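*Asks:* Residue numbers (the UniProt record's numbering): 1 to 937.
The structure that follows is given in the form of structure tokens.
Written out as structure tokens, the structure is:
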């Protein structure tokens with residue numbers, strides 16, 4: 001065959017559009033959005049082929065740009081109407097964006113853009129510019145020829161109720177766009193696309209059509225999701241197999257290949273040959289690719305003669321990955337769960353096995369580049385507020401796209417804060433001399449993180465909103481030089497008097513500073529003493545009340561600490577004199593006191609390697625947990641004492657809401673004990689095991705995972721020196737009465753320096769099943785050792801199974817989960833006790849995080865900071881999940897697509913969705929521009 005023929009995509013790929021757009025460009029009844037960028041007027045037009053509508057730019061709020069027609073020399077009868085015009089953005093703005101609204105946060109969408117240059121500007125210099133999906137870089141558009149359209153398509157999970165597609169000027173020509181399209185997808189489709197990763201289309205081929213005309217392209221309505229299936233024809237090397245019978249998708253299919261595509265297939269014309277497919281990436285600057293995902297679609301289309309067998313095996317770059325027999329008239333898929341990268345050429349070979357009497361076939365193929373979507377946009381409340389402000393005052397500054405991110409493209413006269421594990425927040429807004437008219441928008445009061453708000457020297461009228469006094473971070477409010485009237489609100493007056501706010505309000509001639517008259521304060525920020533008297537009196541009363549509360553609280557806590565002698569460190573033998581400098585702020589108990597507290601060690605809460613944990617009550621009835629070292633001979637070793645003293649030292653200096661807190665300790669002769677806060681719901685291990693008949697919901701498990709990760713992140717990043725826990729496991733994660741998770745048991749923890757790559761240790765410490773394999777070999781634990789153990793914890797939370805299990809032989813949960821996830825069968829991994837009440841994307845994402853954490857090489861694992869960020873996104877995704885509902889049901893009906901369970905061909909997903917897994921590579925790749933069609937990236 002012509003080896004590249006499946007990638008030679010036609011330039012006629014983008015003819016159809018869809019949806020009549022309303023005033024704010026809302027989706028139509030099937031969720032489609034289509035925009036003909038640059039089409040004049042306000043009327044929509046209907047495409048003759050798809051019977052769907054294009055809406056012009058007028059349906060959107062577009063701040064910049066101008067409409068153009070392409071040069072007449074490139075207009076042909078075959079050229080789709082959407083390529084005849086375009087919108088370009090020559091106004092000098094760094095970023096120009098379209099906003100697609102009325103989407104559903106947390107759902108999955110396909111977004112597509114076409115770029116037909118057509119020498120519209122007469123310069124014969126096709127531009128180069130960048131495209132972002134939201135705040136995440138997607139690709140660089142590099143128009144190869146004036147008459148060849150470029151196409152970008154991505155599948156992404158939308159974090160908000162809107163999605164922005166932005167064109168960024170990089171100084172190599174004016175950005176432009178011809179067509180924008182958006183399609184909702186079922187949540188389970190394309191599981192590799194989740195909250196942290198998107199899929200960028202490289203190519204989508206339909207094998208078997210007998211011609212490569214535009215009419216042979218399969219899209220809506222034959223594909224209800226309007227993917228473009230480009231015909232791939234090679235009559236010299238391929239024999240076409242076809243049917244008119246309906247080809248069904250299996251139950252809960254993950255890709256939904258349309259029957260029209262699956263009704264044709266190819267097989268080698270020479271029956272002894274294989275089917276060989278390949279693509280060659282070309283690395284480009286700023287390429288975000290994390291590797292490639294390949295999806296191959298198969299179906300047997302004809303009844304085979306008696307005794308005939310078609311058995312296919314797949315190899316990827318010479319490596320065997322899977323073999324299977326396609327079912328008659330049922331669509332099956334083979335795909336890799338983990339992206340593959342780093343090759344100069346990617347080769348897929350479909351071969352007949354030794355016992356096969358028929359050659360291999362294939363019906364269709366998709367190739368995607370995996371790209372990160374981990375960048376987080378500005379806080380959604382801040383975005384809504386600043387957008388409302390922009391609309392109200394018709395602000396025409398460089399305000400397009402996300403307000404804060406990327407930093408280099410942040411909006412003019414606006415400053416933001418950037419935290420590691422939370423969205424950016426707007427902290428400063430300067431709209432002085434901006435020609436603002438009308439009253440002060442109530443939306444300013446929604447900018448809860450703003451510290452400096454400058455609205456001076458405009459034409460603002462009306463009163464000052466008292467809601468501005470509720471801004472917790474506001475320290476400067478400048479209203480100088482406006483036409484404001486009325487009195488200064490009492491809330492702002494109180495903020496002035498307590499010193500938390502500097503209010504500037506001069507040159508507002510109609511602004512009243514007392515109840516009877518108005519005065520021109522000429523820029524002063526102080527008020528008359530009469531007007532201040534009432535707030536001062538209120539402030540004094542408040543201070544007195546606070547002091548009384550503080551005294552009462554201090555006496556209460558003081559009574560607790562006075563119950564025993566002054567904290568002290570008992571003398572130790574010479575081997576441990578270096579531990580006599582333990583901090584004094586934690587109470588030291590005698591062994592006799594521990595007997596009293598625990599009622600002579602009456603109630604056992606749990607047992608561990610160090611000893612037994614007992615229930616106890618202090619004199620004020622505060623419930624505590626008392627961990628006492630076992631008195632067996634082996635536990636009296638120096639090692640046991642060192643472990644105890646190490647935990648005491650650590651607990652005296654670490655303070656975090658997700659780390660268990662120490663109340664005191666006991667070192668009384670041979671008696672060693674720890675007294676720490678009581679966690680009434682016990683260990684996470686008890687809940688996952690379900691010993692009490694109860695189980696945790698998926699959202700609860702996610703919250704626990706996030707809180708545990710925050711505790712570990714603090715150990716790695718927030719402590720000085722930082723710490724490695726070295727024994728992260730379910731049994732060492734404790735739960736409060738409110739299911740708040742806290743890391744416990746720091747006896748094996750070690751300090752390390754950020755400059756060091758490992759901690760020197762004489763012995764291997766940890767728990768089998770959680771132990772980092774690299775640490776076992778080298779004897780050198782790192783912070784990534786904790787990451788590995790935490791990955792095991794995540795798998796246990798997903799699966800509800802222990803770290804070591806039988807399946808039926810002894811195996812690790814990592815191996816057990818990888819086998820099933822490699823088959824795309826996430827439901828075979830998920831704990832059935834959760835009753836299916838979970839968002840499948842969030843479960844997939846956590847499973848992927850766990851697999852990353854448990855990579856064999858520590859360099860391939862994320863940091864705990866990375867894990868925290870991804871788990872936060874998982875939790876947000878799950879919060880948007882309607883309990884027990886199929887979120888995809890808003891758009892599509894499953895009628896006719898679920899596989900009958902009483903059919904002879906009935907096969908579950910794990911059987912029919914053949915998958916292959918290849919080793920992750922770190923190098924990036926890119927598909928070359930196709931010379932005869934849209935350069936699909």
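Don't be surprised by glycine CBs; every beta carbon is placed ideally from N, CA and C.
All figures in this text were calculated on a predicted structure; none of them were measured in a lab.
Buried or exposed, going by whether 16 or more other CB atoms sit within 10 Å of the CB of residue 320?
*Replies:* Residue 320 comes out exposed.
*Asks:* Shortest alpha-carbon distance to residue 843 belongs to which of 828, 150 and 786?
*Replies:* Of the listed residues, the one whose Cα sits closest to residue 843 is 828.
*Asks:* Taking 8 Å as the threshold, find out whether the region 597-606 comes into contact with the region 647-654 through three or more Cβ pairs.
*Replies:* No, the region 597-606 does not touch the region 647-654.
*Asks:* Within the present structure, is the beta-carbon of residue 94 separated from the nearest heavy atom of the ligand GDP by less than 7 Å?
*Replies:* As for the ligand GDP, it is missing from this structure, which has no ligand bound.
*Asks:* State the Cα-Cα distance for the pair residue 488 and residue 657, rounded to the nearest angstrom.
*Replies:* Whole-angstrom Cα-Cα distance: 41 Å.
*Asks:* Taking C-alpha atoms, which residue in 179, 41 and 163 lies nearest to residue 83?
*Replies:* Nearest option by C-alpha distance: 179.
*Asks:* Using a Cβ-Cβ cutoff of less than 6 Å, which residues in the same chain neighbour residue 731 once the five nearest sequence positions on both sides are dropped?
*Replies:* Closer than 6 Å at the Cβ level, and outside the excluded window around residue 731, lie 683 and 685.
*Asks:* What would DSSP say about residue 209, mapped onto helix, strand or coil?
*Replies:* Coil at residue 209, not helix or strand.
*Asks:* With residue 37 and residue 96 assumed to form a contact (beta carbons below 8 Å), what rounded beta-carbon distance in angstroms separates them?
*Replies:* At roughly 11 Å, the Cβ-Cβ gap does not stay under 8 Å, so residue 37 and residue 96 are not in contact.
*Asks:* Taking the alpha-carbon positions, what's the residue 563 to residue 408 distance?
*Replies:* Low per-residue confidence applies at residue 563: pLDDT is 32, beneath 50, and the placement is therefore not dependable enough to give any value.
*Asks:* Jot down the residue ranges of each uninterrupted alpha helix (DSSP H) in the region 586-625, minimum 4 residues, whole runs only, in chain order.
*Replies:* Counting whole runs of 4 or more residues, the region 586-625 contains the alpha helix (DSSP H) stretches 591-597.
*Asks:* Let me check understanding here. Comparing Cα to Cα, which of 695, 481 and 628 lies closest to residue 833?
*Replies:* When only C-alpha atoms are compared, the closest one is 695.
*Asks:* How about residue 269 and residue 239: do their beta carbons lie closer than 8 Å?
*Replies:* Contact flag set, yes.
*Asks:* Measure how close the beta-carbons of residue 430 and residue 93 come, nearest whole angstrom, since I'm counting them as under 8 Å.
*Replies:* So it is not a contact: roughly 19 Å between Cβ atoms.
*Asks:* Mark residue 815 as exposed unless 16 or more other C-beta atoms lie within 10 angstroms of its C-beta, in which case mark it buried.
*Replies:* Per the 10 Å Cβ criterion, exposed.
*Asks:* Around the Cβ of residue 236, are there at least 16 other Cβ atoms within 10 angstroms (buried) or fewer (exposed)?
*Replies:* Label assigned to residue 236: exposed.
*Asks:* Taking DSSP as the reference, what is the three-state secondary structure of residue 714?
*Replies:* Of the three classes helix, strand and coil, the one that applies to residue 714 here is helix, per DSSP.
*Asks:* Are there 16 or more other CB atoms within 10 angstroms of the CB of residue 433, so buried, or fewer, so exposed?
*Replies:* Exposed.
*Asks:* Excluding the 5 residues preceding and the 5 following residue 736 in the sequence, name in chain order all residues of the same chain whose CB lies nearer than 6 Å to its CB.
*Replies:* These residues qualify, in order along the chain: 679.
*Asks:* By the three-class DSSP mapping on this structure, what secondary structure does residue 248 have?
*Replies:* Three-state DSSP puts residue 248 in a strand.
*Asks:* How about residue 677 and residue 663: do their beta carbons lie closer than 8 Å?
*Replies:* It is a contact, given that the beta carbons lie within the stated cut-off.
*Asks:* Mind checking whether residue 311 and residue 352 have CB atoms under 8 Å apart?
*Replies:* Yes, they are a contact pair.
*Asks:* So residue 684 is in the alpha helix (DSSP H); what residue range does that whole segment cover?
*Replies:* It spans 684-689 - the alpha helix (DSSP H) in which residue 684 sits, taken as one unbroken run.
*Asks:* Would you decide whether residue 422 is buried or exposed? Buried here means 16 or more other CB atoms lie within 10 Å of its CB.
*Replies:* Exposed is the call here.
*Asks:* Would you report the Cα separation of residue 254 and residue 625, rounded to the nearest angstrom?
*Replies:* Distance between the alpha carbons of residue 254 and residue 625 is about 48 Å.
*Asks:* At the level of alpha carbons, what is the spacing between residue 119 and residue 140?
*Replies:* Distance between the alpha carbons of residue 119 and residue 140 is about 19 Å.
*Asks:* Ordered along the chain, which non-local residues of its own chain (more than five positions away) have a Cβ less than 8 Å from that of residue 607?
*Replies:* 613, listed in sequence order.
*Asks:* How about residue 228 and residue 293: are their beta carbons less than 8 Å apart?
*Replies:* Result no, Cβ atoms of residue 228 and residue 293 do not sit closer than 8 Å.
*Asks:* What span of residues does the beta strand (DSSP E) with residue 150 cover, start to end?
*Replies:* Run containing residue 150: 150-157, per the beta strand (DSSP E) assignment.
*Asks:* Please state whether DSSP places residue 677 in a helix, a strand or coil.
*Replies:* Residue 677 falls in the strand class under three-state DSSP.
*Asks:* Given this structure, state the Cα-to-Cα distance separating residue 346 from residue 78, to the nearest angstrom.
*Replies:* Going by the C-alpha atoms only, they are around 33 Å apart.
*Asks:* Report the rounded CA-to-CA distance for residue 479 versus residue 746, giving the unit in angstroms.
*Replies:* Near 54 Å, if we compare the C-alpha coordinates of residue 746 and residue 479.
*Asks:* Out of 377, 824, 813 and 209, state which residue places its alpha-carbon closest to the alpha-carbon of residue 850.
*Replies:* Checking every option, the nearest Cα to that of residue 850 belongs to 813.
*Asks:* Take residue 68 as the anchor and find which of 230, 709, 784 and 87 has the nearest alpha-carbon.
*Replies:* Ranking the options by Cα distance to residue 68, first place goes to 87.
*Asks:* Quick check on the burial criterion: 16 or more other C-beta atoms within 10 angstroms. Buried or exposed for residue 592?
*Replies:* Its Cβ having fewer than 16 others within 10 Å, residue 592 is exposed.
*Asks:* Give a yes or no on whether the C-beta atoms belonging to residue 372 and residue 404 are separated by under 8 Å.
*Replies:* No, they are not a contact pair.
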